[in-house]
Structures are given as C-alpha cells and as structure tokens.
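Written below as structure tokens is the structure these notes are about.
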Amino acid sequence: MNWSEVSIHTTAEAVEAVSSILYEAGAGGVVIEDPEILSREWSTPFGEIYHLSPDDFPTDGVIVKAYFPVNSYLGETVEEIKTQVNELLTFGLDVGKGIVTMTEVHEDDWASAWKKYYKPVAISEHITITPIWEEYKPKREGELIIEMDPGMAFGTGTHPTTVLCIRAIERYLKKGDRVYDVGTGTGILSIAAAKLGASSLTAMDLDEIAVRSAQENCSINKVADKVLVKQNNLLDGINEKVEVVVANILAEVIIRFTDDVHRVLLPGGTFIASGIIGARENDVKEALAASNLEVIETVYMEDWVAIIAKKR
C-alpha cells in the first residue's frame, strides 16, 4: 500500500491543535519537525537530545507531517484538513503560513522515516522520555523512564507545555495523592504522576483516539493498575474530590472549567494548568481568581506558560 504524506507548515503555538486535526482525519502517524528542539534553552541541566541533525528540521516555523492511505476520497480529506486549519484562527491560534502540501510515499518509507526524529530526552530532574524502540538505561540516580509510542497520538512529550507540566508535577505532587488528568492526550502526565508516587489517577479525554493511546501507553509503562483512562468532557459528571488536577489544554478551555476544578479539589489542593500561550496568561489568571483558586507559581518556556494554583 502507498501512503500520502500531508505536510502543514505552521507554528509551535498551533502544533497540538494541528496534530489533533490530522488524527481526527484518520492519519496513520504524525511527525513534528520543530527547530526549537535543537536550540531550546532548558531551565535545568537536563534536556539532552541524542543524534538529531539540523538538516532534518525547517529553518522557520514547524512542519507537522501526517500519513494517510492513498484512496479515492483522499482529496476530500485534505480539503477538509485545510478548512479546519484555517478555522483555528477563530480560536486565536496563530497558524503561521498554514500551507498544506501532499506527497506520495511508499509504505516502507513511511514506517521508518519518522523514527529518526524521536530520541531519548531527559526533560526534568527525574523523568526521561524514550521511544519504545530505543534501548535506554538510566544514567543518573532516581531517573524514571517513560516509554512512548509517538506514532499514536498528540506528540512525543517534549513540547514545552508538557515539560512545564511534568516539572510542576515533580514539585507539587505528594506520594499518595489522587490526580485528575484533564485532556490527557497520550496519557504522559498521568504516567509521570504515577511513577512519581500518585496513588490513583483518572485520565480523561473527549477524543477516542487519545483514550486508546493513553490506555496503550499506560500499559507499556506498567501503570495501568493506577490509571483509569476514560472518555469524558473535561470534568463533567466527576464528583469525587482529589488532591491534584492537571490540564495541558488550550487557555480558552481552561477558562471554561475553573469552577469545576475548584469543585473537585480538596481544600489546599493543587491545580497545574499548562498549554497556555503567553498572550492568554492574564485571562487564565483572572478566571482562576474568580473561581477562588490562588495562583502560587507561574513558569515559562519559550512562548508558553504554566500556572500552578491552590484551592483557597
């Protein structure tokens, strides 16, 4: 079978939304070519990335590549992708050039080409993310390994929003805490929290592909006994109170459910919110304050913000 490679030239801000559009359209895999990963100034001594070549990355913006089987309705699929990418502008996302191109590739090329972009990376004091096909041994005391399959859904775990979230989880999670992970995607935040000592977690996503991806990644990382993955719209219908809520989603979505976060947190509980572009920082903080959630820390990476708040 031959495959078609659909490439979208966009921005770092829009990567996760564009990736979601591609998976919803039926993509068989995604590659994210982001030059920032080569030059990122990490705020800790970690973040070493192995064997990446600058020649494999664009000189500006981000290229998101997705793979679709060649069939009679592929053209319609690509046109729908173009429409949805343009519609991201209505959410205030900068999609950059937003150029969509299509190239036919052979199955063998598709099956192996994207793997060269994904190597082990230590993103925090304790957490190193590795692809499932890499043999990797811990290199420092207390290092925890998360194995991910990036061919499934929603990124590899090295995006600044994910890094900020995991570092915040390391700082604020206490052993035995119960956690809600809202908009779980690959399940990586739940996996990290489970490995860092959470006693039980509920990982939620509205997208069926994300739910399946998170379930598979939890099994790969041997934390499925701690993590319940379910299809759910934010915190709708969730009533049991927990110590920690994490959400790596768009600022617009965070603003809509801060009241629910307050409702499900125990007194003194922690809310870790990421996925926030810098221009929306104050909007999110206003929503948190209106829901009686007190901001205790704000951290930054590139154009992204993570905000940590406590229930008053």
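In the working numbering, the protein residues as written are -13 to 298. Heads up, the beta-carbon is just placed ideally off N, CA and C, and yes, glycines get one too.
Where residue i falls, given that 16 or more other Cβ within 10 Å makes a residue buried
i	result
G261	buried
V81	buried
K51	buried
V17	buried
N218	buried
A292	buried
K160	exposed
V197	buried
S(-10)	buried
S58	exposed
E2	buried
V(-8)	buried
N278	exposed
D245	exposed
P253	exposed
E34	In this predicted model, E34 has a pLDDT of only 47, less than 50, meaning its place in the structure is not dependable; the value taken from the coordinates is given anyway. By the 10 Å Cβ count, E34 comes out exposed.
S39	With a pLDDT of 48 at S39, under the threshold of 50, the modelled position of that residue is not reliable, and no figure is offered here.
R153	buried
I258	buried
E121	exposed
S29	No answer about S29 holds up, because its pLDDT of 44 lies below 50 and its placement is not dependable.
F77	exposed
G162	exposed
L75	exposed
T69	exposed
G171	buried
A276	exposed
A308	Given a span of -13 to 298 for the chain in the structure shown, any question on residue 308 remains unanswerable.
Extent of the continuous alpha helix (DSSP H) to which residue i belongs
i	result
T188	T188 -> not in any alpha helix (DSSP H); beta strand (DSSP E) instead, spanning 186 to 191.
A259	Unbroken run through A259 is the beta strand (DSSP E), 251 to 263; no alpha helix (DSSP H).
T76	Here T76 belongs to no alpha helix (DSSP H), and DSSP marks it neither H nor E.
L150	146 to 158
I241	237 to 242
I7	1 to 10
I224	Here I224 belongs to no alpha helix (DSSP H), and DSSP marks it neither H nor E.
A180	174 to 181
Beta strand (DSSP E) segment containing residue i, residue limits
i	result
V230	228 to 234
L214	213 to 217
E194	Premise fails: E194 lies in the alpha helix (DSSP H), 194 to 206, not in any beta strand (DSSP E).
E127	Note, E127: premise wrong, no beta strand (DSSP E); not H, not E.
I109	Looking at the DSSP string, I109 is not in any beta strand (DSSP E), and its letter there is neither H nor E.
Cβ pair residue i, residue j closer than 8 Å
i	j	result
I115	P124	no
V209	V231	no
E229	T256	yes
V168	A184	no
A237	D269	yes
A179	I206	no
A295	E272	no
K181	L130	yes
I263	E(-1)	yes
N225	T148	no
V86	V64	yes
G47	T89	no
I118	E133	yes
V9	I177	One detail in the question is off: residue 9 reads as Tyr in this sequence, not Val. No; because the gap between Cβ atoms is not below 8 Å, this pair is not in contact.
D135	E202	yes
In DSSP terms, what residue i is bridged to
i	result
R164	S186
W290	I263, M287
L279	K297
K51	S(-7), V17
T87	S(-7)
T116	E133
Cβ-Cβ separation, residue j to residue i (assumed contact under 8 Å), whole Å
i	j	result
C151	G173	Rounded, the Cβ-Cβ distance is 13 Å, inconsistent with contact.
A11	E66	7 Å
L187	K212	6 Å
A13	F54	6 Å
K227	M190	Incorrect: roughly 16 Å between the Cβ atoms, too far for contact.
H368	K83	The structure shown has nothing for residue 368, since the chain only spans -13 to 298.
I7	V91	In fact, because the Cβ distance is near 20 Å, the residues do not count as touching under 8 Å.
Residue i Cβ short of 7 Å to the ligand GTP heavy atom set
i	result
K68	Among the components of this structure there are no ligands whatsoever, and the ligand GTP is therefore not found.
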